[in-house]
Amino acid sequence: MMGKMAKETEVVVVGGGIIGSATAYYLARAGKDVVLMEKNELASGSSGANAGLTSTTWCPPGPLLQMSMASLKEYDYFSQELAWDIEFERCGRFTVCETEQQFEEMKPFVEVRNKGGNSLRLIDRNELLELEPNLSPSLFGAVFAPNDGHVNPLYAVYAFADAARELGAKIYEYTEPVAINAEHGCVKAIATNKGEIKTKYIINACGIGAPVVSEMVGLKIPIIPNREQMLVSEEMPPILNRVIINAGYMKDVQPTGLGDSAARKKSTQTVGTVCNQTKKGNLLLVGVNDFVGEDERTTFESFPAISEGILRVLPILRTYDVQIIRSFAKFYIYTPDQKPILGKVDGLEGFIMASGVNDYGICFGPIIGKLLSDLICIGETTIPIDEFNLSRFG
Amino acid sequence: MRIIDHPILGRIEPERTIRIEVDGKMIEALEGEPIAAALVANSMRLFRFTKKYNEPRGIFCAIGRCTDCVMVVNGIPNTRTCVTQVEEGMKIETQYGSGSIR
Amino acid sequence: MEYELAIVGAGPAGLSASIEAAKAGVKVAVIDENAKPGGQLFKQIHKFFGSKEHRAGVRGIDIGAQLLNEAKDSGVDILLNTTVWGIFDNVLAVHSSNKIQRLEAQRILIATGASENTLAFPGWTLPGVLGAGAAQTMVNLHRVAIGDRVLMVGSGNVGLIVSYQLMQAGAEVVAVVEFLPQIGGYWVHASKITRLGIPILTSHTIKEVTGDGKVEVATVGKVDSNYQIVSGTERNFDVDAVCIAVGLSPAAELAWMCGCEFMYIPELGGHVPVYNEDMETTVPGVYVAGDVAGVEEAATAMIDGAIAGLAAAESLGYLDHNEYEDLKRGKRVSREVFELSRFRFRRMAKERFANKEGRLKQWSKT
Amino acid sequence: MSEEGIICRCEELTREDIVTAIRKGARTVSAVKRRTGAGMGLCQGKTCQRLISQILGEEAGVRPQEAGMSRCRHPVRPLPISDIGGTVK
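So the protein sequences, as listed, match chains E, H, P and B. If you use our numbering, the first sequence closes out at 394, no skipped numbers anywhere. If you use our numbering, the second sequence closes out at 496, no skipped numbers anywhere. If you use our numbering, the third sequence closes out at 862, no skipped numbers anywhere. If you use our numbering, the fourth sequence closes out at 951, no skipped numbers anywhere.
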């Protein structure tokens, strides 16, 4: 794994999270000579600390919805055909509405998305409680997304990285880029704390660190860290069959087209209620989001905020006096329009962006890896990604 | 077994005893002592079976850190018995795996 | 809730600190998750060594009672059954009486002690295999027998003392196993148990423990110079309990959370928060004392605590610098016994900071 | 079964599980934790971290200061959710 670093390669992927590992995997599978470098350890950033949600619900029709659905297929293939145990399940997801107004707002939301190819369904309280008897009877109804689900994000990163390595990719941890050498508008090499590698392509898959790498070639990227705090419960018997998210949170935090995402002020703190029971039985509870730079400490206030929200939706947690065993905070890779930043960069041949995935990186990782591999290997992508080009920010 | 007489600590006079139910059986406990102590005093050492390998477990650290001595207490699984005090009529059950939902 | 100094842990370090700080006029709270204060003192029914000033010849339980009375008399608030589950800047997050609360403090002293190390051998998860400290808690504090026939693994002071205490409580200790060629603890403790006829098997280790749902047989064997068991030397002991006494590590979770810098110092128990001569960590206003600052004995913890309490009082303006130095020196006179390890630590800490330009000065206020 | 001997008591991970993670490249206590889940259980690594650090030394020559510790996060003891979200009825 460590060993001496290669002197030359075709593609260098910077960033050992889900995007980087998946990209390295698809490139290696396509026969490319690929190096994946990570300044810390694999999965030590946002990919290693999140709820592991795979969701199509929020996606507006168009490339984002196409990408999310295609990514789930990649996960299917990876976990079923290739038998990597990554705890991927299309268990379904309920976006729960606490009020009639929320429920009404969801009607056009569902209609638009279904026209775009999704298969969402509005369900009323009775059906909701029949399917999830532990939910609070005070809920009004929900949007049911049968294909949404979850994956163990850590296992997903390691599986892609290990699979990439099996296909010949070289992985270097504790390897941090310090400079990028370009000549005549072409990427030539990347210099790191462990030495220099000549390369034709550099893929910036750094998450919140992406601006630092882009700065090396003089590019400014509008990515801002948005801290997300989560709680983790003790392991418990199955109390939920599907992922639960409250409609208010989706409206506040995700680019659903419901709220005006541009109006989401950077000073705003949002409190959501998301609950995902892992295969092992722990509940992952999200979360409090705020903009505090790269401060990844948790706060006292997030504990009651998250707990109160989840107790309203899942009163059974009080009955069983479920214990919280851990909290963590990581970053949601926020972009102003909450769309990813993908693809080639004008004026610098060989430099490719793969970041700005907001809070959907885990879901989108495989498809982004596949599309970027196609971009390099065959020069085009099966799903158009032009609207995610960095040039949109002018 | 209780250590009633002790050369340094002297004799304990069990003042107030209470009764708790362990897997359906009533046993005596001393007010204020942790559940784990009451069980050990009644020669019970096996507190739970693990989820993956179904292995028996009991007290290990006795100060609430290792979480190995957890049992189902009044219906609540994963209760650390070494730091949870007994209460009159408390219902304690051997825990299997991560417990179950009634 | 608001205090000038909040102390986490009502053991010898925490209580000593609270007494010194409160005497100087500081508003102090000592917080402990247990129902009874005293930390490990109430398990320690043996007499302490060391100098007279530091209560040598007195039993741990009696020292605990003395410290507790002194703290109460000095006006210290002792919050029991209260768990500090985190520190967020100057806020201690506490849990008690079925609710969480914020406790604000201008200075924080972490005196959370140490936790037991362990050995992983086949069968170590069986009921009946437990830490030596755990056995001590059950036997001396809760007054219940953990077994009739016990094998002790480790001949450091904890292993030796607990073996003796198990015998006092009516159990039979079949042997003490030590993987090094010599006994780890003080000779005084060792001779007390050998006089009772307990064999101390040096250059031996535990191979495995077997039994049906409980400890029944412990297998030990002689080790070669590479600490591997020599085949054919195995012997079985019929026991119903095995105690593991292989050292302690600082229970420093709260210091990690505060963002304190750590060093790895095996002699002090592993990863230890770096602190200066006032017991202040690299996070201003956060102090450490006792085993969490390096595993030592109760006497060291009391001195540590007293110094930390005085230092906090000085930094809060209750003592001027000269008063502080005088009082601190007073606490130090009897420190010879412990000076060696602390000296070593200070030297290592200084080396570390010497590499960081400018930090050394800031760290050492000399 | 755990013939090899359990290392992480909560998550029931054996020495073999830990060694496999090290063979796949884990060189710190945190990396072993992410790969195996050792230390993610009820006790949050209080018992196994030191053992894992030792195994990293034996299997890969990693010194304890490099193996480090996994990050401590709140709460240091399990905390009942109804005590945290106390205001909700």
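Note that the Cβ used here is the ideal one computed from N, Cα and C, for glycine as well.
Burial state of residue i, where buried means 16 or more other Cβ atoms lie within 10 Å
i                   : result
glycine 895(B)      : The question names glycine, but residue 895(B) in the sequence shown is lysine. Burial call: buried.
leucine 128(E)      : buried
phenylalanine 88(E) : buried
aspartate 399(H)    : exposed
glycine 923(B)      : exposed
histidine 767(P)    : buried
serine 811(P)       : buried
arginine 165(E)     : buried
isoleucine 376(E)   : buried
threonine 382(E)    : exposed
proline 623(P)      : buried
serine 138(E)       : exposed
tryptophan 683(P)   : exposed
serine 593(P)       : exposed
isoleucine 406(H)   : exposed
Residue i at chain B interface by Cβ criterion, 8 Å
i                 : result
asparagine 472(H) : yes
proline 780(P)    : no
threonine 461(H)  : yes
glycine 452(H)    : no
glutamine 323(E)  : yes
glutamate 749(P)  : yes
Beta-carbon proximity list for residue i, same chain, < 8 Å, skipping 5 on both sides
i               : result
arginine 731(P) : Thr715, Val716, Gly717
Run of the alpha helix (DSSP H) containing residue i, from where it starts to where it stops
i                    : result
serine 915(B)        : 910-922
asparagine 413(E)    : In the structure as shown, chain E starts at 1 and stops at 394, and residue 413(E) therefore has no counterpart that could be examined.
tyrosine 26(E)       : 18-29
glutamine 927(B)     : 926-929
methionine 106(E)    : 100-115
phenylalanine 364(E) : 361-378
Cutoff 7 Å; reference residue i; Cβ partners in own chain excluding five residues on either side
i               : result
lysine 703(P)   : Phe617, Thr715, Val716, Gly717, Ile725, Glu730
arginine 29(E)  : Leu167
glycine 582(P)  : Ala589, Met753
threonine 57(E) : Arg93, Thr95, Leu120, Val143, Ala145, Asp148
serine 391(E)   : Asp346
valine 554(P)   : Lys543, Phe544
CB contact check: residue i to chain H, cutoff 8 Å
i               : result
lysine 908(B)   : yes
cysteine 870(B) : no
valine 788(P)   : no
aspartate 85(E) : no
alanine 630(P)  : yes
lysine 688(P)   : no
Cβ-based neighbour list, residue i, same chain, cut-off 6 Å, excluding 5 preceding and 5 following
i                 : result
threonine 898(B)  : Leu875, Asp879, Ala883
glycine 619(P)    : Glu704, Val705, Thr706
asparagine 472(H) : Val464
alanine 263(E)    : Bear in mind that the predicted position of alanine 263(E) carries a pLDDT of just 45, short of 50, making it unreliable; the figure below should be weighed with that in mind. None.
serine 437(H)     : none
Minimum Cβ-Cβ distance from residue i to chain E less than 8 Å
i                 : result
isoleucine 495(H) : yes
serine 892(B)     : yes
serine 915(B)     : no
valine 476(P)     : With chain P represented from 497 up to 862, any question about residue 476(P) goes unanswered, as that position is not in the structure.
proline 937(B)    : yes
Boundaries of the beta strand (DSSP E) in which residue i is found, first to last residue
i                 : result
threonine 192(E)  : 186-192
alanine 169(E)    : Looking at the DSSP string, alanine 169(E) is not in any beta strand (DSSP E), and its letter there is neither H nor E.
arginine 227(E)   : 224-235
isoleucine 574(P) : 573-575
cysteine 754(P)   : Where cysteine 754(P) is concerned, there is no enclosing beta strand (DSSP E), although the alpha helix (DSSP H) it sits in stretches over 749-754.
arginine 93(E)    : 93-97
serine 71(E)      : Segment 63-76 is the alpha helix (DSSP H) holding serine 71(E); no beta strand (DSSP E) there.
threonine 473(H)  : 470-474
leucine 599(P)    : 595-606
Beta carbon proximity, residue i to chain P, threshold 8 Å
i               : result
alanine 423(H)  : no
cysteine 299(E) : Checking the sequence shown, residue 299(E) turns out to be threonine, not cysteine. With 8 Å as the cut-off, threonine 299(E) counts as an interface residue toward chain P.
Length at least 4, wholly inside the segment 314-339 of chain E: the alpha helix (DSSP H) runs in chain order
With a minimum length of 4 residues, the continuous alpha helix (DSSP H) runs that stay inside the segment 314-339 of chain E are 316-319.
Ordered list of beta strand (DSSP E) runs contained in the segment 656-735 of chain P, each at least 3 residues
With a minimum length of 3 residues, the continuous beta strand (DSSP E) runs that stay inside the segment 656-735 of chain P are 668-673, 700-706, 713-718, 731-734.
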